[in-house]
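Counting with this note's numbering, you get residues 4 to 328 for the letters of the sequence shown.
Okay, so here's the structure we're looking at.
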Amino acid sequence: MFPSHRPRRLRTTPAMRRLVSETSVRPRQLVLPMFVREGATGPIPIASMPGVVQHSRDSLRKAAVEAVQAGVGGLMLFGVPEQRDAVGSGATDPDGILNVALRDLRAELGDSTVLMADCCLDEFTDHGHCGVLAADGTVDNDATLEVYAEMAVAQVEAGAHVVGPSGMMDGQIGVIRHALDDAGHTDASVLAYSVKYASAFYGPFREAVDSQLTGDRKAYQQDPANARESLRELALDLAEGADLVMVKPALAYLDVLRSVAEVSDVPVAAYQVSGEYAMAEAAFANGWLDRQRTVLEMLTSIHRAGADIVLTYWAVEASRWLATT
Ligand code: PBG
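Right under this line is the structure:
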């Protein structure tokens with residue numbers, strides 16, 4: 004009798020498949036990225052991200068409450084300011100849009116969710132880079148660190164439980180940790196974007212935050228061809244005191260995610276970025292892929308590859324689907 008080994012036995016019935024299923028992503032592990040735009044009077048659609056909007060302060064508050072009610076584990080907030088300048092002043096200003104919105108959400112939600120803030124200058128600078136520029140036009144790593152430190156403290160004082168430095172400056176985790184501790188915020192956490200590639204998949208995000216960038220971020224974000232330096236970035240961030248680490252983007256970097264998850268001694272997040280969302284939504288709109296199955300398959304795969312936490316623009320919908328499984 005051949006075959007003598009039949010893996011298909013464990014796939015015969017829904018009950019059997021459910022019994023042997025190894026991985027299930029839960030709503031509490033999903034984090035919803037949200038955009039808030041200064042001066043907006045209502046939600047403004049983002050064309051390349053159907054279903055995602057730039058919120059007004061009011062619509063943000065309502066959408067955040069709905070997301071928490073749907074069971075998501077946290078919210079990651081990005082600000083879109085009205086005015087930008089060379090040093091990104093709006094980022095450190097307590098009355099800057101991101102800090103104001105954090106205050107709104109903390110007042111509304113208290114500790115019922117985990118409030119995270121993007122700690123990076125690109126939304127606030129008129130040149131669109133993630134840091135301040137040196138005289139020669141390159142991003143000045145060490146000058147940027149000082150601004151990040153001030154920005155992180157402002158975000159925590161506005162209500163963030165977690166700051167997420169995403170600018171890929173060397174030393175950013177250590178500098179932010181020290182600044183938070185010096186200001187007495189020893190309980191505020193740092194989610195390090197430890198592994199962040201210079202990716203084409205961030206395309207729609209540029210529209211989401213009205214980015215002013217011309218050129219690219221290849222002098223500070225990682226080369227997609229490289230895996231080894233991800234482990235170096237991870238080790239540095241862990242040594243500098245990261246409480247959580249992130250790999251970004253997700254789907255095209257599952258190998259990197261897996262290798263990070265194997266050695267990290269803190270929880271690992273992965274960011275399913277704007278381009279991953281846009282490309283799937285385009286296929287859904289054409290009827291080429293089944294929305295629910297495709298989204299849940301991607302999220303399950305990111306989780307299976309080693310992510311404890313997934314940042315996804317589908318967090319609310321996915322949480323609702325998962326609530327019934
Ligand atoms: C930088 C930042 C970016 C994203 C998150 N934080 C843009 C970039 O690095 O160019 C991209 C997220 C996405 O594409 O969904 N503040």
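Yeah, the Cβ is synthetic: ideal placement off N, Cα and C, and Gly gets one too.
Nothing here was measured: the structure is a model prediction, and the numbers come from that model.
Can you give the beta carbon distance from residue 249 to residue 274, rounded, assuming they're within the 8 Å contact cut? Walking along the sequence shown from the start, residue 249 turns up at place 246. Walking along the sequence shown from the start, residue 274 turns up at place 271. Yes, residue 249 and residue 274 are in contact; Cβ-Cβ is about 6 Å, under 8 Å.
Does DSSP put residue 277 in a helix, a strand or coil? Counted from its first residue, the sequence shown places residue 277 at position 274. Three-state DSSP puts residue 277 in a helix.
Between the Cα of residue 70 and the Cα atoms of 205, 260, 289 and 33, which residue gives the shortest distance? The sequence position of residue 70 within the sequence shown is 67, counting from 1. It is 33.
Cβ of residue 121 versus every heavy atom of the ligand PBG: is any distance shorter than 8 Å? Within the sequence shown, the letter at position 118 stands for residue 121. Under cutoff, so the answer is yes.
Hey, quick one: how far does the beta strand (DSSP E) through residue 57 stretch, first residue to last? Locating residue 57 in the sequence shown gives position 54, counting from the first residue. From DSSP, the beta strand (DSSP E) with residue 57 extends over 56-58.
Which residues bound the beta strand (DSSP E) around residue 264? Counting from 1 along the sequence shown, the entry for residue 264 is found at position 261. Looking at the DSSP string, residue 264 is not in any beta strand (DSSP E); the run it does join, the alpha helix (DSSP H), is 257-266.
Beta carbon of residue 233 nearer than 9 Å to that of residue 225: Here residue 233 refers to the residue found at position 230 of the sequence shown. Here residue 225 refers to the residue found at position 222 of the sequence shown. Yes, the pair counts as a contact, with Cβ atoms nearer than the cut-off.
Beta carbon of residue 211: closer than 8 Å to some heavy atom of the ligand PBG? Sequence index remark: in the sequence shown, residue 211 carries index 208 (1-based). Yes, since a heavy atom of the ligand PBG falls inside the 8 Å radius drawn around the Cβ of residue 211.
By Cβ distance below 7 Å, which residues in the same chain neighbour residue 175 in space, the five residues on each side in sequence not counted? What you label residue 175 is simply residue 172 of the sequence shown in a count that begins at 1. The answer, listed in chain order, is 148, 151 and 168.
Could you please give me the residues that DSSP links to residue 192 through a beta bridge? Locating residue 192 in the sequence shown gives position 189, counting from the first residue. Note: residue 192 sits in a beta bridge opposite 165.
Report the rounded CA-to-CA distance for residue 60 versus residue 22, giving the unit in angstroms. Locating residue 60 in the sequence shown gives position 57, where the first residue counts as 1. Locating residue 22 in the sequence shown gives position 19, where the first residue counts as 1. Going by the C-alpha atoms only, they are around 45 Å apart.
To which residues of the same chain is residue 316 closer than 8 Å at the C-beta, ignoring the five residues directly before and after it? As a position in the sequence shown, residue 316 is number 313, starting the count at 1. Counting only Cβ-Cβ distances below 8 Å, and skipping sequence neighbours, we find 35, 36, 52, 54, 55, 275, 277 and 280.
Return the first residue and the last residue of the alpha helix (DSSP H) that residue 80 is part of. Your numbering for residue 80 matches position 77 in the sequence shown. That residue, residue 80, is in no alpha helix (DSSP H); its beta strand (DSSP E) goes 77-83.
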